[in-house]
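Chains as they are written, first to last, in our numbering: chain G, 1 to 96; chain F, 1 to 189. Beneath this line is the structure, given in structure tokens, with notes to follow.
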Amino acid sequence: MSEISRLAELRKLLLEMEHTMGLQDLSSVERDVFYAATDLAAPATPVKSTSLQSHALLSSVSRPTFFRALKSLVGKGYLTHCHPPVRGQYHVSHPK
Amino acid sequence: MGYQLSLRPLLRDTLVVSLAYISAFCVTFEFLMPLQNALFPDFASRASLLFLPHGVRVLSAWLLGWRSVIALLPAVFAVFWWVAGDATFTPSRLAAIAVAVIIPALAFDLAARLRLNIAPSARATPCWPCIMGMGVAISVVSSLLTNLAFGSPPQDYIAYLIGDVFGLFFLMLLLMFTFRALRQRARQS
Numbered sequence: 001m002s003e004i005s006r007l008a009e010l011r012k013l014l015l016e017m018e019h020t021m022g023l024q025d026l027s028s029v030e031r032d033v034f035y036a037a038t039d040l041a042a043p044a045t046p047v048k049s050t051s052l053q054s055h056a057l058l059s060s061v062s063r064p065t066f067f068r069a070l071k072s073l074v075g076k077g078y079l080t081h082c083h084p085p086v087r088g089q090y091h092v093s094h095p096k
Numbered sequence: 001m002g003y004q005l006s007l008r009p010l011l012r013d014t015l016v017v018s019l020a021y022i023s024a025f026c027v028t029f030e031f032l033m034p035l036q037n038a039l040f041p042d043f044a045s046r047a048s049l050l051f052l053p054h055g056v057r058v059l060s061a062w063l064l065g066w067r068s069v070i071a072l073l074p075a076v077f078a079v080f081w082w083v084a085g086d087a088t089f090t091p092s093r094l095a096a097i098a099v100a101v102i103i104p105a106l107a108f109d110l111a112a113r114l115r116l117n118i119a120p121s122a123r124a125t126p127c128w129p130c131i132m133g134m135g136v137a138i139s140v141v142s143s144l145l146t147n148l149a150f151g152s153p154p155q156d157y158i159a160y161l162i163g164d165v166f167g168l169f170f171l172m173l174l175l176m177f178t179f180r181a182l183r184q185r186a187r188q189s
């Protein structure tokens, strides 16, 4: 497991804790999309929405729900568009 | 060549984990222990009731597996040296060091062999109450073995257990709020 994915796993664990305590602002589908994105994210490499859709955590999520969750995650700052913007490609916002 | 390549991440893990362990130890003994002594002056045991380094041990073992033994060793040894000086090399303290670094990794290894699905995985949602449960189990075994090595009085078993469990929970809580604050700051900027 790489350093990035270890940090991602720790963040996932703490997000689960936030969710249990009712402090988190993500729905269960948004959480799964975010977890899938953190799983697929690599340094300086954007995550493609097509790759996200085929992730094991999202196999049972419908396309409209998936894209709604994706849009919401961008709005909430968990994911960001690429610079320059490329359709269907996102970066995971890691805390600085 | 391949050995050299795999040595670098291990050194990085060791540095990060050791810094985290020593920081947690400093906060526990320089800030929380004086507070505990002021709040509970009649509490006879020298054990901390909020032992944050246990959290570092458990989370390191969960994330790194057996690599955590090497990653934790320098910091655990340094902390024993800080507290006991030359007496660190007595058999009881060397046994306590071994217990502190080996038991967490061994516990997660046993859990994996028993097919308990708690290892970090990209395909699964982590279960934080399971990590807490593992923290309790690791603390029970560690405090039994450590107190056996030191021949400590029975009340110390309970004090270590309370300190470890609260330490793990509060460290996770502290990390949760830190990550949350960083995320919110990143969103605002």
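Yeah, the Cβ is synthetic: ideal placement off N, Cα and C, and Gly gets one too. Please read these numbers as outputs of a predicted model, since none were measured by experiment.
Worksheet item: Buried or exposed: where does G/E9 fall if 16 or more other Cβ atoms within 10 Å of its Cβ makes it buried?
Response: Reading the first sequence from its first residue, position 9 is the one you call residue 9 of chain G. With at least 16 other beta carbons inside 10 angstroms of its own, G/E9 counts as buried.
Discussion item. Less than 8 Å between the C-beta atoms of F/L161 and F/V141, yes or no?
Written reply: For this step, residue 161 of chain F is matched to residue 161 along the second sequence. For this step, residue 141 of chain F is matched to residue 141 along the second sequence. The answer is no: Cβ separation not under 8 Å.
Item to complete: Within its chain, find whatever has a CB closer than 8 Å to the CB of G/K96; leave out the 5 residues flanking it on each side and keep chain order.
Response: Position 96 of the first sequence, counting from 1, holds the residue named residue 96 of chain G. In this prediction, G/K96 scores a pLDDT of 44, lower than 50, which makes its location untrustworthy; the coordinate-derived value is nonetheless stated afterwards. Around G/K96: no qualifying Cβ.
Worksheet entry | Partners in chain G for F/W128, counting only beta-carbon separations shorter than 9 Å | Counting from 1 along the second sequence, the entry for residue 128 of chain F is found at position 128. L13, L14, E16, M17 and T20, listed in chain order.
Worksheet item: With 16 other CB atoms within 10 Å as the buried threshold, where does G/V92 fall?
Response: In the first sequence, residue 92 of chain G corresponds to position 92, counting from 1. Flag for G/V92 reads buried.
Worksheet item: In the region 23 to 36 of chain G, which residues sit with their C-beta less than 9 Å from some C-beta in chain F, listed in chain order?
Response: For the region 23 to 36 of chain G, the residues whose beta carbon sits under 9 Å from a beta carbon of chain F are, in order, L23, Q24, R31, D32, Y35 and A36.
Discussion item. Bridge partners for G/H81 per DSSP, in chain order?
Written reply: Within the first sequence, the letter at position 81 stands for residue 81 of chain G. For G/H81, which the question treats as bridged, DSSP gives the partners G/Y90.
Worksheet item: G/A42 by DSSP, collapsed to three states: which one?
Response: Taking the first residue of the first sequence as 1, we reach residue 42 of chain G at position 42. Note: G/A42 maps to strand in three-state DSSP.
Worksheet item: Quick one: what's got a C-beta closer than 6 Å to F/L94's C-beta in the same chain, skipping five residues either side?
Response: For the purposes of this step, residue 94 of chain F is taken as residue 94 along the second sequence, with counting starting at 1. The beta carbon of F/L94 lies closer than 6 Å to none in the same chain, with the five residues before and after it left out.
Worksheet item: Nearest chain G C-beta to F/T14 closer than 8 Å, yes or no?
Response: Mapped onto the second sequence, residue 14 of chain F falls at position 14. No, F/T14 does not count as interfacial toward chain G.
Fill in: F/P104 at chain G interface by Cβ criterion, 8 Å
For the purposes of this step, residue 104 of chain F is taken as the residue at position 104 of the second sequence. With 8 Å as the cut-off, F/P104 does not count as an interface residue toward chain G.
Worksheet item: Closest to F/A61 by CA distance: which of F/A38, F/L106 and F/L175 is it?
Response: Looking up residue 61 of chain F in the second sequence gives position 61. Nearest C-alpha to F/A61: F/L106.
Fill in: Residues bridged to G/K48 (per DSSP)
As a first step, residue 48 of chain G must be located in the first sequence, where it is residue number 48. For G/K48, which the question treats as bridged, DSSP gives the partners G/Q89.
Worksheet item: So F/A100 and F/V76 are in contact, right, with Cβ under 8 Å, and what is the actual spacing, rounded?
Response: Locating residue 100 of chain F in the second sequence gives position 100, counting from the first residue. Locating residue 76 of chain F in the second sequence gives position 76, counting from the first residue. About 5 Å; that satisfies the 8 Å criterion.
Worksheet item: Secondary structure at G/K76, three-state DSSP: helix, strand or coil?
Response: Taking the first sequence and counting its residues from 1, the one referred to as residue 76 of chain G is at position 76. Under the three-state reduction of DSSP, G/K76 is assigned to coil, being neither helix nor strand.
Practice prompt. Assign F/S143 to one of three DSSP states: helix, strand, or coil.
Written response: By one-based count along the second sequence, residue 143 of chain F stands at place 143. F/S143 falls in the helix class under three-state DSSP.
Fill in: When F/L173, F/L168, F/N117 and F/F80 are compared against F/T146, the one with the closest alpha-carbon
For the purposes of this step, residue 146 of chain F is taken as residue 146 along the second sequence, with counting starting at 1. Among F/L173, F/L168, F/N117 and F/F80, the Cα nearest to that of F/T146 is on F/F80.
Worksheet item: With 16 other CB atoms within 10 Å as the buried threshold, where does G/T16 fall?
Response: Against the first sequence, residue 16 of chain G aligns to sequence position 16. A small fix is needed here, since residue 16 of chain G is Glu in this sequence, not Thr. Per the 10 Å Cβ criterion, buried.
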